[in-house]
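Single-structure report; data block below.
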Amino acid sequence: MTKNPELNQSTATAQRLNDAITRLRARMRTESGQHATGLSATQLGVLASVVRAGPITAARLAAVEHVSAQAIAQSLAVLKAAGLVHSEPDPKDGRKKLMSADPSATELIDRLLMGRATFLAHAIDQVLAPQEREDLAKAIELIERLADAGRDGAVL
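Residue numbers (the working numbering): 10 to 165.
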């Protein structure tokens with residue numbers, strides 16, 4: 010271990026934050042019914058991106074998801090087989106395909122997001138006191154700043 014107590018404290022705080030986020034995400038997946046879809050978290054992430062940004066090329070989707078073209082191709086194959094996405098030629102460039110979401114995909118993503126939001130809203134109402142809700146709002150702001158760290162040329 011390093012002898013810098015501030016670094017040790019930052020590292021410990023970072024680990025606690027990571028663990029808490031991991032546990033919360035797992036709980037939201039369970040509470041939203043995500044496991045019942047039969048789709049992986051990665052596949053659902055890709056599907057959500059197609060719903061939000063579609064019609065979209067696989068290359069653009071890979072960039073949005075920060076994964077390889079091969080990973081996108083694998084996820085899209087599963088989503089196509091499930092009837093959740095379809096492709097059509099890009100009218101601007103016939104060599105490319107545009108991926109679009111089936112209406113059932115939009116309904117699925119909306120249902121999952123609503124399940125997550127409902128779980129969190131109930132948890133906040135049941136577990137947090139009014140003052141703690143103000144603290145949570147501040148914590149969310151801090152987490153958002155952490156999520157943006159290093160973007161747009163900001164120094165880490």
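Glycine residues also receive a C-beta, built at the ideal position from the N, C-alpha and C atoms. Remember, predicted model here, so these are calculated numbers, not experimental data.
Look at residue 122 and residue 93 and say whether their C-beta atoms are less than 8 Å apart.
Within the sequence shown, residue 122 is the residue found at index 113, counting from 1. Within the sequence shown, residue 93 is the residue found at index 84, counting from 1. Using a Cβ distance threshold of 8 Å, residue 122 and residue 93 do not count as a contacting pair.
Close-in-space but distant-in-sequence residues of the same chain around residue 107 (CB under 8 Å, 5 per side omitted)
Translated into the one-based positions of the sequence shown, residue 107 becomes position 98. These residues qualify, in order along the chain: 63, 64, 65, 66, 96, 97, 98, 99.
Would you tell me roughly how many angstroms separate the C-alpha atoms of residue 148 and residue 39, rounded to the nearest one?
Against the sequence shown, residue 148 aligns to sequence position 139. Against the sequence shown, residue 39 aligns to sequence position 30. Taken atom to atom, the span from the alpha-carbon of residue 148 to that of residue 39 is near 24 Å.
Is there contact between the stretch 31 to 38 and the stretch 69 to 88, where contact requires at least three CB pairs shorter than 8 Å?
No: fewer than three Cβ pairs fall under 8 Å.
With burial defined as no fewer than 16 other Cβ atoms inside 10 Å of the residue's Cβ, what is the status of residue 117: buried or exposed?
Within the sequence shown, numbered from 1, the residue matching residue 117 stands at position 108. Residue 117 counts as buried, since no fewer than 16 other beta carbons sit within 10 angstroms of its beta carbon.
In whole angstroms, what is the alpha-carbon distance linking residue 69 and residue 140?
Within the sequence shown, residue 69 is the residue found at index 60, counting from 1. Within the sequence shown, residue 140 is the residue found at index 131, counting from 1. Each residue's alpha carbon lies about 43 Å from the other.
Answer with buried or exposed for residue 49, where buried requires no fewer than 16 other C-beta atoms within 10 angstroms of its C-beta.
For this step, residue 49 is matched to residue 40 along the sequence shown. The residue in question, residue 49, is exposed, as its Cβ has fewer than 16 Cβ neighbours within 10 Å.
Mapping the DSSP letters down to three states, classify residue 91 as helix, strand or coil.
Locating residue 91 in the sequence shown gives position 82, counting from the first residue. The three-state reading of DSSP puts residue 91 in coil, since its state is none of H, G, I, E or B.
Does residue 59 pass the burial test, meaning 16 or more other C-beta atoms within 10 Å, or should it be called exposed?
Looking up residue 59 in the sequence shown gives position 50. In summary, residue 59 is buried, with 16 or more beta-carbon neighbours lying within 10 Å of its beta-carbon over all protein chains present.
Pick helix, strand or coil for residue 62, following the three-state DSSP scheme.
Here residue 62 refers to the residue found at position 53 when the sequence shown is read from its first residue. Correct three-state label for residue 62: helix.
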